[in-house]
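Residue 136, in UniProt numbering, is where the sequence shown stops; the numbers in between run on with no holes. All C-beta atoms, glycine included, are put in the ideal place defined by N, C-alpha and C.
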Amino acid sequence: MKLQKKIKWIVYKINDEGTKVVVDTSSESADWEPFREVLVNAKALNKNGKGPRYAVYDFNYDLANGEGQRTKLTFISWSPDDATTFPKMMYASTKESFKRALSGLSGDELQANDEADLEENEMLKTVSKGTAALKA
1 MKLQKKIKWI VYKINDEGTK VVVDTSSESA DWEPFREVLV NAKALNKNGK
51 GPRYAVYDFN YDLANGEGQR TKLTFISWSP DDATTFPKMM YASTKESFKR
101 ALSGLSGDEL QANDEADLEE NEMLKTVSKG TAALKA
């Protein structure tokens with residue numbers, strides 16, 4: 001992802017058979033809201049209720065002190081509090097091995113469990129360790 005600089009984010013899911021992690025969707029747009037909506041509206045394997053997802057987002061942000069920009073390719077684990085137990089267990093048990101299979105990640109991992117966790121400025125604060133110029 002980082003070398004190509006075309007794709008800004010990818011959302012992954014465990015396939016319907018529960019055997020492997022596959023791309024759910026991706027985008028070249030850096031617009032946060034469509035990315036957030038994909039996660040918030042994700043369905044569980046059985047299509048009943050909300051479902052967890054893995055995601056990788058290529059954060060580009062300006063530093064608040066005006067000293068330039070930074071880029072961080074960040075892993076996001078979305079596991080909504082109101083998802084059922086089985087999908088949450090499947091995602092939790094495969095997360096570390098899946099992360100190891102990805103390359104170029106910044107080492108940062110964001111865990112999101114409700115919609116408030118997916119607010120762009122909250123994510124920026126965490127990814128930048130408080131150094132990002134937040135969006136209005």
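Tell me the rounded alpha-carbon separation between residue 137 and Glu28. The requested residue 137 is not part of the displayed model; the chain covers only 1 to 136.
Excluding sequence positions up to five away, which residues of its chain have a Cβ less than 8 Å from the Cβ of Leu3? For Leu3, the predicted model reports a pLDDT of 47, less than 50, meaning its position is unreliable; a value from the coordinates is still stated below. Closer than 8 Å at Cβ, skipping near neighbours: Gly104.
How about Phe35 and Val56: do their beta carbons lie closer than 7 Å? no
Just reading off the alpha helix (DSSP H) that Thr126 is part of, what are its end residues? 120-127
Consult DSSP for Ser93 and reduce its assignment to one of helix, strand or coil. helix
Please state the DSSP three-state secondary structure of Lys88. helix
Work out the CA separation of Lys125 and Gly20 for me, nearest whole Å. As written in the sequence, residue 20 is Lys, which differs from the Gly given in the question. Cα to Cα, Lys20 sits roughly 32 Å from Lys125.
Bridge partners for Ile7 per DSSP, in chain order? According to DSSP, Ile7 bridges with nothing at all.
Does the beta-carbon of Ala42 have 16 or more other beta-carbons within 10 angstroms, so that it is buried, or is it exposed? buried
Validate contact between the stretch 87-97 and the stretch 125-135 using beta carbons, cut 8 Å, 3 pairs: no
Taking the beta carbon of Ser79 as the centre, do at least 16 other beta carbons fall within 10 Å, making it buried, or is it exposed? buried
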